[in-house]
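One structure is given here, and the rest of the page talks about it.
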Amino acid sequence: LAKTTQPISMDSYEGQEVNITCSHNNIATNDYITWYQQFPSQGPRFIIQGYKTKVTNEVASLFIPADRKSSTLSLPRVSLSDTAVYYCLVGTGGFKTIFGAGTRLFVKA
Amino acid sequence: NAGVTQTPKFQVLKTGQSMTLQCAQDMNHNSMYWYRQDPGMGLRLIYYSASEGTTDKGEVPNGYNVSRLNKREFSLRLESAAPSQTSVYFCASSEAQVGDEQYFGPGTRLTVT
């Protein structure tokens with residue numbers, strides 16, 4: 242199972258774009274890259290998933306370089322409500338899903 | 330459509346007591362999971378059920394048992410609670426195992442004294 246490394250915490254201000262980078266040097270050919278968001282006292286919530294290049298949905302964008310050894314979650318114009326923990330997961334999903342400690346994002350007014 | 334529901338929301342046990350955490354999903358998902366989350370940590374997989382009738386150990390199964398009662402319900406049992414099992418427990422489900430996003434319940438906060 243691929244191990245991931247991401248910053249422990251990040252600070253931002255409302256309206257800014259936030260980029261959270263995750264390193265996964267030993268990603269396997271069949272692995273997906275998935276990001277979850279977790280608010281205090283709630284279960285994680287799926288944000289976005291990708292395999293290569295760029296994926297965009299209504300919430301975020303995910304950038305994956307050609308070597309797939311890292312990925313960047315981009316949150317456009319964050320608000321206070323985006324304060325949460327963001328988890329980067331690499332694997333084929335299901336029982337092979339490993340949650341690390343995540344990145345705590347603090348959005349300030 | 331309630332998604333994934335868990336009961337109870339909170340529970341306090343004394344060391345040695347037993348209890349069962351209940352989980353149900355109404356999305357007709359095949360796979361279900363139990364995780365625990367300790368303060369400031371990520372989630373760790375306790376047990377999972379790839380499909381109705383099957384269960385398998387995850388990363389931290391010791392001290393727990395599970396039952397996949399039917400396609401909707403997946404319960405977690407603590408036979409003899411220990412203080413080390415104080416944690417928040419999350420149940421999740423997904424349509425399949427590979428590549429599918431997981432949907433999480435609201436969690437059960439368990440304290441063992």
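So the protein lines, in turn, are chains C and Z. Our numbering applies: residue 242 is where the first sequence begins, and numbers increase by one. Our numbering applies: residue 330 is where the second sequence begins, and numbers increase by one. Here a beta-carbon is modelled for each residue, glycine too, at the ideal position from N, C-alpha and C.
In this structure, does DSSP put SER413 (chain Z) in helix, strand or coil?
If you number the second sequence from 1, residue 413 (chain Z) lands on position 84. Residue state, collapsed to three classes: helix.
I'd like to check one pair, ALA421 (chain Z) with TYR364 (chain Z): are the Cβ atoms closer than 8 Å?
Here residue 364 (chain Z) corresponds to residue number 35 of the second sequence, with the count starting at 1. Here residue 421 (chain Z) corresponds to residue number 92 of the second sequence, with the count starting at 1. Yes; because the gap between Cβ atoms is below 8 Å, this pair is in contact.
When the Cα atoms are used, what is the spatial distance from ALA325 (chain C) to GLN335 (chain Z)?
Reading the first sequence from its first residue, position 84 is the one you call residue 325 (chain C). Reading the second sequence from its first residue, position 6 is the one you call residue 335 (chain Z). If I take the Cα positions, the gap works out to 22 Å.
Residues of chain C with a CB under 7 Å from the CB of MET370 (chain Z): which are they?
By 1-based counting over the second sequence, the position of residue 370 (chain Z) is 41. Result: ALA342.
Does any C-beta atom of chain Z lie closer than 8 Å to the C-beta of GLN257 (chain C)?
Position 16 of the first sequence, counting from 1, holds the residue named residue 257 (chain C). Not closer than 8 Å to any Cβ of chain Z, the Cβ of GLN257 (chain C) fails to qualify, so no.
Between ILE249 (chain C) and GLN283 (chain C), what straight-line distance do the alpha-carbon atoms span, to the nearest angstrom?
The residue labelled residue 249 (chain C) in the question sits at position 8 within the first sequence. The residue labelled residue 283 (chain C) in the question sits at position 42 within the first sequence. Rounded to the nearest angstrom, the two C-alpha atoms are 19 Å apart.
Does PRO285 (chain C) pass the burial test, meaning 16 or more other C-beta atoms within 10 Å, or should it be called exposed?
In the first sequence, residue 285 (chain C) corresponds to position 44, counting from 1. When all chains shown are included, PRO285 (chain C) counts as buried.
Which residues in chain C have a C-beta closer than 9 Å to the C-beta of PRO435 (chain Z)? List them in chain order.
For the purposes of this step, residue 435 (chain Z) is identified with residue 106 of the second sequence, where counting begins at 1. Near PRO435 (chain Z) (Cβ distances below 9 Å), the residues of chain C are SER282, GLN283 and GLY284.
Answer yes or no: do TYR490 (chain Z) and GLY332 (chain Z) have a C-beta to C-beta separation smaller than 8 Å?
Missing from the structure shown is residue 490 (chain Z); chain Z here goes from 330 to 442 and no further.
What in chain C is Cβ-close to GLU424 (chain Z), meaning under 8 Å?
Your numbering for residue 424 (chain Z) matches position 95 in the second sequence. Within chain C, no residue comes near GLU424 (chain Z); the closest Cβ sits about 10 Å away, beyond 8 Å.
Taking 8 Å as the threshold, find out whether the stretch 254-272 of chain C comes into contact with the stretch 308-327 of chain C through three or more Cβ pairs.
Yes: the two stretches touch, three or more of their Cβ pairs being nearer than 8 Å.
Would you please verify whether the beta carbon of PHE278 (chain Z) is less than 8 Å from any beta carbon of chain C?
Because chain Z spans 330 through 442 in this model, residue 278 (chain Z) falls outside it and cannot be assessed.
Below 8 Å on the Cβ atoms is my contact criterion, and I expect THR275 (chain C) with GLN290 (chain C) to pass it. Report the Cβ-Cβ distance as a whole number of Å.
Counting from one through the first sequence, the residue named residue 275 (chain C) turns up at place 34. Counting from one through the first sequence, the residue named residue 290 (chain C) turns up at place 49. Their Cβ separation, rounded to whole angstroms, is 4 Å, which keeps THR275 (chain C) and GLN290 (chain C) in contact under 8 Å.
Tell me the rounded alpha-carbon separation between GLY332 (chain C) and SER380 (chain Z).
Start at 1 with the first residue of the first sequence, and residue 332 (chain C) comes out as number 91. Start at 1 with the first residue of the second sequence, and residue 380 (chain Z) comes out as number 51. Distance between the alpha carbons of GLY332 (chain C) and SER380 (chain Z) is about 19 Å.
Would you call the CB atoms of PHE287 (chain C) and GLU430 (chain Z) closer than 8 Å?
Reading the first sequence from its first residue, position 46 is the one you call residue 287 (chain C). Reading the second sequence from its first residue, position 101 is the one you call residue 430 (chain Z). Against a cut-off of 8 Å, the Cβ pair of GLU430 (chain Z) and PHE287 (chain C) comes out as a contact.
Could you please give the first and the last residue of the uninterrupted beta strand (DSSP E) stretch that includes GLY292 (chain C)?
Working through the first sequence from its first residue, we reach residue 292 (chain C) at position 51. The sequence shown places Tyr at residue 292 (chain C), rather than the Gly named in the question. Careful: TYR292 (chain C) lies outside any beta strand (DSSP E) and carries neither H nor E.
Could you work out which residues of chain Z lie near TYR328 (chain C), taking near to mean beta carbons separated by less than 7 Å?
Translated into the one-based positions of the first sequence, residue 328 (chain C) becomes position 87. Those within 7 Å of TYR328 (chain C) in chain Z are GLY371.
Using C-beta distances below 7 Å, list every residue in its chain close to PRO337 (chain Z), excluding the 5 sequence neighbours before and after it, in chain order.
Counting from one through the second sequence, the residue named residue 337 (chain Z) turns up at place 8. Same-chain partners within the cutoff: THR437.
How long is the line joining the alpha carbons of GLY341 (chain Z) and VAL441 (chain Z), rounded to whole angstroms?
To locate residue 341 (chain Z), count along the second sequence from 1; it is residue 12. To locate residue 441 (chain Z), count along the second sequence from 1; it is residue 112. It should be noted that the sequence gives Val, not Gly, for residue 341 (chain Z). Between VAL341 (chain Z) and VAL441 (chain Z), the C-alpha separation is close to 6 Å.
Would you mind giving the Cβ-Cβ distance between LEU374 (chain Z) and TYR362 (chain Z), rounded to the nearest angstrom? I have them listed as a contact below 8 Å.
Taking the second sequence and counting its residues from 1, one reaches residue 374 (chain Z) at position 45. Taking the second sequence and counting its residues from 1, one reaches residue 362 (chain Z) at position 33. Indeed they touch by this definition, with Cβ atoms about 6 Å apart.
Looking at chain C, which residues of the stretch 408-423 of chain Z have a Cβ within less than 9 Å of any of its Cβ atoms?
The stretch 408-423 of chain Z vs chain C, Cβ under 9 Å: VAL417, PHE419, CYS420, ALA421 and SER423.
For PHE403 (chain Z), report the span of its beta strand (DSSP E) as first-last.
Against the second sequence, residue 403 (chain Z) aligns to sequence position 74. That run of the beta strand (DSSP E) goes 403-407.
Could you work out which residue in C:ASP323, C:SER264, C:LEU303 and C:ASN266 is closest to LYS349 (chain C) when comparing CA atoms only?
Counted from its first residue, the first sequence places residue 349 (chain C) at position 108. Considering only alpha carbons, the answer is C:ASP323.
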